[in-house]
Amino acid sequence: MTASATPASSLSTPAQRLAALRQAMKQHGYDAWIVPSADPHMSEYMPEHWHGRKWVSGFTGSVGTLVVTATTAGVWVDSRYWEQAAAQLAGTGIELQKLGKVRSHVDMLADTLHEGAVVGVAPDMLSRTAQRQLQQALAPKGVQLKAETDLLDGFWSDRPPMPTAPVAVHPAAFVSETTAQKLARVRAAVQEKGATHHLISSLDDIAWLTNLRGSDVEYNPVFLAHLLVGPDSATLFVNDTRLNDEARAALRSAGIALAPYEQVADAVAALTGSLLVDPLRVAASTLQKLPAAVLAVDEGAAAAGSGPAGSTTAGRAAANAAGASGASGAANASDTAGATNAPAATGQTARVQLIEAVNPSTLFKGVKSAADIAHTREAMAQDGAALCEFFADFEARLQKGEVLNELQIDELITAARARQPNFVSASFGTICGFNANAALPHYSATPEQFSEIRGDGMLLIDSGGQYLNGTTDITRVVPVGTPSAAQKRDNTLVLKAHIALSTTVFPDGIGGPLLDAICRKPMWQHQCDYGHGTGHGVGYFLNVHEGPQVISWYAPVLPHAAMREGMITSIEPGLYRPGQWGIRIENLVVNLPVAKPEETDFGTFLYFDPLTLCPIDTRLMDTAMMTQEEIAWVNRYHALVREKLAPRVSGAAKAWLEARTQPLPG
Numbered sequence: 001m002t003a004s005a006t007p008a009s010s011l012s013t014p015a016q017r018l019a020a021l022r023q024a025m026k027q028h029g030y031d032a033w034i035v036p037s038a039d040p041h042m043s044e045y046m047p048e049h050w051h052g053r054k055w056v057s058g059f060t061g062s063v064g065t066l067v068v069t070a071t072t073a074g075v076w077v078d079s080r081y082w083e084q085a086a087a088q089l090a091g092t093g094i095e096l097q098k099l100g101k102v103r104s105h106v107d108m109l110a111d112t113l114h115e116g117a118v119v120g121v122a123p124d125m126l127s128r129t130a131q132r133q134l135q136q137a138l139a140p141k142g143v144q145l146k147a148e149t150d151l152l153d154g155f156w157s158d159r160p161p162m163p164t165a166p167v168a169v170h171p172a173a174f175v176s177e178t179t180a181q182k183l184a185r186v187r188a189a190v191q192e193k194g195a196t197h198h199l200i201s202s203l204d205d206i207a208w209l210t211n212l213r214g215s216d217v218e219y220n221p222v223f224l225a226h227l228l229v230g231p232d233s234a235t236l237f238v239n240d241t242r243l244n245d246e247a248r249a250a251l252r253s254a255g256i257a258l259a260p261y262e263q264v265a266d267a268v269a270a271l272t273g274s275l276l277v278d279p280l281r282v283a284a285s286t287l288q289k290l291p292a293a294v295l296a297v298d299e300g301a302a303a304a305g306s307g308p309a310g311s312t313t314a315g316r317a318a319a320n321a322a323g324a325s326g327a328s329g330a331a332n333a334s335d336t337a338g339a340t341n342a343p344a345a346t347g348q349t350a351r352v353q354l355i356e357a358v359n360p361s362t363l364f365k366g367v368k369s370a371a372d373i374a375h376t377r378e379a380m381a382q383d384g385a386a387l388c389e390f391f392a393d394f395e396a397r398l399q400k401g402e403v404l405n406e407l408q409i410d411e412l413i414t415a416a417r418a419r420q421p422n423f424v425s426a427s428f429g430t431i432c433g434f435n436a437n438a439a440l441p442h443y444s445a446t447p448e449q450f451s452e453i454r455g456d457g458m459l460l461i462d463s464g465g466q467y468l469n470g471t472t473d474i475t476r477v478v479p480v481g482t483p484s485a486a487q488k489r490d491n492t493l494v495l496k497a498h499i500a501l502s503t504t505v506f507p508d509g510i511g512g513p514l515l516d517a518i519c520r521k522p523m524w525q526h527q528c529d530y531g532h533g534t535g536h537g538v539g540y541f542l543n544v545h546e547g548p549q550v551i552s553w554y555a556p557v558l559p560h561a562a563m564r565e566g567m568i569t570s571i572e573p574g575l576y577r578p579g580q581w582g583i584r585i586e587n588l589v590v591n592l593p594v595a596k597p598e599e600t601d602f603g604t605f606l607y608f609d610p611l612t613l614c615p616i617d618t619r620l621m622d623t624a625m626m627t628q629e630e631i632a633w634v635n636r637y638h639a640l641v642r643e644k645l646a647p648r649v650s651g652a653a654k655a656w657l658e659a660r661t662q663p664l665p666g
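As structure tokens, then:
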């Protein structure tokens with residue numbers, strides 16, 4: 001591409017980068033340009049190379065869509081990011097667009113662009129589903145969509161390179177199923193869908209299927225690759241210089257060949273037969289060399305082959321409709337496979353037929369084996385011991401008069417985890433917010449902006465660890481100084497919501513979104529609510545956000561995303577008062593069958609068995625607001641925490657554990 005005339009060295013502010021993008025748009029004939037939060041693998045979290053929206057706009061939230069025209073620019077974000085985006089976009093010339101309060105950016109483009117206008121987006125940042133939705137929205141208005149190039153390449157001179165971190169085998173001691181066994185399951189599922197081949201681009205699915213792990217994406221042990229599975233062979237498209245001898249040998253033994261990462265589109269174009277793809281988790285660029293007749297979609301096939309563009313989960317995964325990723329996979333392609341190639345009306349011969357459905361590996365990966373669950377319980381106990389050490393040290397420092405800040409707390413908690421066996425990294429960027437900062441669900445302290453822990457209030461810490469034997473995610477709120485009655489009231493409401501869902505028994509196969517209201521009921525009774533989902537799936541030494549399940553009332557109820565035995569999910573209600581404080585209480589739980597069913601005529605019922613082991617601070621509980629059953633739940637949970645963690649800690653950490661798990665009266 002011809003470089004922009006704007007000197008790259010002058011692009012130090014969002015306003016300057018916005019001007020450079022507009023200049024490139026004018027030069028190349030685009031009336032609008034979309035910069036989504038996505039990469040070629042439709043990841044929720046992605047390498048810095050694809051953080052174009054963040055670089056241009058200055059908005060650092062994990063999810064959002066930037067849309068630029070000759071005269072307007074906006075970033076569309078959901079309610080979790082409204083305050084953050086408003087602050088970071090101020091003075092940039094880019095307006096905050098509040099999802100749910102304004103029309104979508106797709107509707108905005110369709111409504112405002114003139115006939116003959118051209119909308120552009122980088123093809124490696126656009127899912128097949130998003131491409132189809134944009135085309136269907138814009139075409140009736142005579143607006144053309146082009147996904148051919150990335151304009152940012154012309155003026156982003158210091159764009160981070162593609163990651164090249166080493167890829168290694170997940171140790172056999174922590175693996176319950178071989179790659180060959182997983183491939184056999186996937187091939188059987190592909191055959192059931194009527195396909196001969198299957199392309200997987202989602203990084204966590206590839207890591208799970210190959211039993212390999214990497215570090216290309218911060219906090220997520222995945223690596224850049226595509227995997228093409230045939231009836232009797234499979235090819236991993238990856239930069240193979242990153243693989244050690246053990247990884248190469250493991251792939252060979254599973255019958256997986258290697259090919260350069262960049263050759264996946266050519267390999268797809270050369271296929272004959274039928275190809276199963278997940279339209280929410282494959283990029284337009286990966287399929288762009290297929291004949292137009294193959295890529296053409298009629299409305300009936302589209303309806304059969306794909307679901308909504310995404311969903312927002314409690315953890316940071318959100319719908320990012322025109323570009324976007326499938327987030328954690330919570331809302332994904334329909335269970336019904338759809339053949340999507342229309343009759344060849346262009347004169348091109350269709351050598352392969354596309355079949356669209358959710359990746360089988362996404363469904364298999366979401367249900368953990370008994371061994372995976374056992375390993376995860378051990379990781380949770382290690383994590384709990386680390387948290388005991390951290391909180392004991394934290395409280396001792398405060399009692400001595402030491403003034404800590406949010407960044408130091410992040411360092412202390414990571415250091416405590418790092419002392420545990422099998423620790424690899426944090427599982428996401430720690431959210432540590434004091435008082436008003438905690439009212440931002442995705443607040444992130446930076447060296448330029450952070451708060452010290454001074455005076456009275458509450459400190460929210462949402463953190464997690466990646467261990468070879470599991471992934472953790474926990475949120476706790478602790479008092480600093482003397483909490484107010486209003487703070488204790490709000491905290492108790494959140495606790496009641498947490499307990500309400502934690503004690504629920506539910507049918508195996510129920511849709512997760514249908515459970516959401518159970519959690520919110522105690523808060524709704526006091527006219528309180530929270531703007532994020534209640535729960536997301538969690539991987540096994542994989543992504544902290546994982547599908548297919550999600551507990552969120554605004555997510556679609558899809559058959560493939562039903563709650564099943566063996567799924568690990570978060571329960572994390574919250575309450576946020578802007579400018580004052582924020583509260584969230586989060587545990588991870590595993591779906592298990594009830595031990596002694598009272599009935600057998602109504603199928604299997606499941607319950608949530610707690611995995612997270614860490615006290616919930618009783619100093620913020622107003623027992624006058626709690627029922628006897630709720631008090632009993634807290635006492636049972638704390639007895640479990642004390643039983644599991646006491647043998648693992650000593651000294652000040654053990655004293656802290658014993659103090660924080662004392663039974664509530666009543």
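Note that full-length UniProt numbering gives residue 113 to position 113 of the sequence shown, counting from 1, and the numbers run on in steps of one. Beta carbons are placed, not taken as given, at the ideal position from N, Cα and C, and that holds for glycine.
Practice problem: Give me the Cα-Cα distance between Q401 and F394, rounded to the nearest whole angstrom. | Solution: On the sequence shown, position 401 is the one that residue 401 refers to. On the sequence shown, position 394 is the one that residue 394 refers to. In the sequence as displayed, the identity of residue 401 is Gly instead of Gln. Distance between the alpha carbons of G401 and F394 is about 11 Å.
Quiz item: Any idea which residues DSSP pairs T69 with across the strands?
Solution: Sequence index remark: in the sequence shown, residue 69 carries index 69 (1-based). DSSP lists A32 as partners of T69.
Quiz item: Excluding sequence positions up to five away, which residues of its chain have a Cβ less than 6 Å from the Cβ of A257?
Solution: The sequence position of residue 257 within the sequence shown is 257, counting from 1. Here the set comprises T235.
Quiz prompt | Nearest-angstrom beta carbon gap, L183 and A254 [assumed within contact, 8 Å] | solution = Taking the first residue of the sequence shown as 1, we reach residue 254 at position 254. Taking the first residue of the sequence shown as 1, we reach residue 183 at position 183. Indeed they touch by this definition, with Cβ atoms about 6 Å apart.
Exercise. Going by CA-CA distance only, name the one from R281, Y576, D617, L287 that's closest to V264.
Key: Sequence index remark: in the sequence shown, residue 264 carries index 264 (1-based). For the residues R281, Y576, D617, L287, the minimum Cα distance to V264 belongs to L287.
Quiz item: Near D456, what residues of its chain come up, given a Cβ to Cβ distance below 6 Å and the 5 sequence neighbours on each side ignored?
Solution: To locate residue 456, count along the sequence shown from 1; it is residue 456. Cβ within range, chain order: G481, T482.
Practice problem: Indicate the three-state DSSP secondary structure (helix, strand or coil) for Y45 in the structure shown. | Solution: Counted from its first residue, the sequence shown places residue 45 at position 45. The answer is coil: DSSP assigns Y45 none of H, G, I, E or B.
Exercise. Grab me the residues of S361's own chain with a C-beta within less than 7 Å of its C-beta, minus the 5 sequence neighbours each way, in chain order.
Key: Position 361 of the sequence shown, counting from 1, holds the residue named residue 361. Answer for S361: V186, I200, D205, W208, L209, listed in chain order.
Quiz item: Are there 16 or more other CB atoms within 10 angstroms of the CB of Q525, so buried, or fewer, so exposed?
Solution: Taking the first residue of the sequence shown as 1, we reach residue 525 at position 525. Exposed, because fewer than 16 other Cβ atoms sit within 10 Å of the Cβ of Q525.
Quiz prompt | Residue environment, A653, which counts as buried when at least 16 other CB atoms sit within 10 Å | solution = On the sequence shown, position 653 is the one that residue 653 refers to. Burial call: buried.
Practice problem: Would you kindly work out how many angstroms separate the C-alpha atoms of residue 669 and R397, rounded to a whole number? | Solution: There is simply no residue 669 to check, as the chain begins at 1 and stops at 666 in what is shown.
Exercise. Measure the alpha-carbon distance for L295 versus R17 and round it to whole angstroms.
Key: Here residue 295 is taken as the residue at index 295 of the sequence shown, counted from 1. Here residue 17 is taken as the residue at index 17 of the sequence shown, counted from 1. Going by the C-alpha atoms only, they are around 34 Å apart.
Quiz prompt | Continuous beta strand (DSSP E) stretch holding F608: start and end | solution = On the sequence shown, position 608 is the one that residue 608 refers to. Note, F608: beta strand (DSSP E), 605-610.
Quiz item: How would you label K496, buried or exposed, when you count the other beta carbons within 10 angstroms and need 16 or more for buried?
Solution: Your numbering for residue 496 matches position 496 in the sequence shown. K496 comes out buried.
Practice problem: Mark T376 as exposed unless 16 or more other C-beta atoms lie within 10 angstroms of its C-beta, in which case mark it buried. | Solution: As a first step, residue 376 is located in the sequence shown; it is residue number 376 there, counting from the start. Answer is buried; the Cβ neighbour count reaches 16.
Quiz item: Grouping DSSP H, G and I as helix and E and B as strand, with all else coil, what is R419?
Solution: As a working note, residue 419 is residue 419 in the sequence shown. Here R419 sits in coil by DSSP.
Self-check item: Residue range of the beta strand (DSSP E) that includes H536
Solution: Looking up residue 536 in the sequence shown gives position 536. That run of the beta strand (DSSP E) goes 535-537.
Practice problem: Report yes if the CB atom of E378 is closer than 8 Å to the CB atom of A416, and no otherwise. | Solution: Along the sequence shown, one-based indexing puts residue 378 at 378. Along the sequence shown, one-based indexing puts residue 416 at 416. It is not a contact, given that the beta carbons lie outside the stated cut-off.
Exercise. Note down, one range per segment and in chain order, each alpha helix (DSSP H) of at least 4 residues found wholly within the segment 67-101.
Key: 82-89
Self-check item: Residues sharing a beta bridge with R242, DSSP
Solution: Translated into positions along the sequence shown, residue 242 becomes position 242. Answer is none; R242 lacks a bridge partner.
Practice problem: Can you give me the Cβ contacts of A646 inside the same chain, cut-off strictly under 7 Å, excluding the 5 residues immediately before and after it? | Solution: Sequence index remark: in the sequence shown, residue 646 carries index 646 (1-based). So the qualifying residues of the chain are K654, L657.
Quiz item: Between the C-alpha atoms of R351 and A267, what's the straight-line distance to the nearest angstrom?
Solution: On the sequence shown, position 351 is the one that residue 351 refers to. On the sequence shown, position 267 is the one that residue 267 refers to. Cα to Cα, R351 sits roughly 13 Å from A267.
Quiz item: Which ranges does the alpha helix (DSSP H) cover as unbroken runs of at least 4 residues, wholly within the segment 358-392, from first to last along the chain?
Solution: 360-366
Quiz item: Sorted by chain position, which residues of the same chain lie with C-beta nearer than 6 Å to L152's C-beta, five sequence neighbours on each side aside?
Solution: Indexing the sequence shown from 1 puts residue 152 at position 152. These residues qualify, in order along the chain: G52.
Quiz item: When the Cα atoms are used, what is the spatial distance from D78 to G64?
Solution: Residue mapping note: residue 78 aligns to position 78 of the sequence shown, counting from 1. Residue mapping note: residue 64 aligns to position 64 of the sequence shown, counting from 1. Roughly 8 Å separates the two Cα atoms.
Self-check item: DSSP bridge partner residues for H197 (one or two, in chain order)
Solution: Numbered from 1 along the sequence shown, position 197 holds the residue referred to as residue 197. H197 is bridged to L275.
Quiz item: Given 8 Å as the limit, is there contact between the segment 503-515 and the segment 432-449, that is, 3 or more CB pairs closer than that?
Solution: no
Quiz item: Between the segment 576-587 and the segment 443-463, do at least 3 Cβ pairs fall closer than 8 Å?
Solution: yes
Quiz prompt | From E599, L354, Y554, residue whose alpha carbon lies closest to that of P507 | solution = Along the sequence shown, read from residue 1 onward, the residue named residue 507 stands at position 507. The option with the nearest alpha carbon to P507 is E599.
Quiz item: Does the segment 422-433 touch the segment 549-569, meaning 3 or more C-beta pairs lie closer than 8 Å?
Solution: no
Practice problem: Establish whether the CB of S444 and some CB of chain C are separated by less than 8 Å. | Solution: Absence of chain C from the displayed structure is noted, only one protein chain being present.
Quiz item: Within 10 angstroms of its Cβ, does Q449 collect 16 or more other Cβ (buried), or is it exposed?
Solution: Here the question's residue 449 lines up with position 449 in the sequence shown. Exposed.
Exercise. Enumerate in chain order the residues of its own chain whose CB-to-CB distance from W156 is below 6 Å, with the five nearest sequence positions on each side excluded.
Key: Numbered from its first residue, the sequence shown carries residue 156 at position 156. Counting only Cβ-Cβ distances below 6 Å, and skipping sequence neighbours, we find nothing.
Quiz item: Taking Cβ positions, are F602 and V505 nearer each other than 8 Å?
Solution: Here residue 602 corresponds to residue number 602 of the sequence shown, with the count starting at 1. Here residue 505 corresponds to residue number 505 of the sequence shown, with the count starting at 1. No.
Practice problem: Give the secondary structure of E218 by DSSP, where H, G and I count as helix, E and B as strand, and everything else as coil. | Solution: For the purposes of this step, residue 218 is taken as residue 218 along the sequence shown, with counting starting at 1. In this structure, E218 counts as coil in the three-state DSSP scheme.
Quiz item: Looking at C-alpha atoms only, which residue of I94, I409, Y530, R242 is the closest neighbour of A225?
Solution: Counting from one through the sequence shown, the residue named residue 225 turns up at place 225. Closest option to A225, Cα to Cα, is R242.
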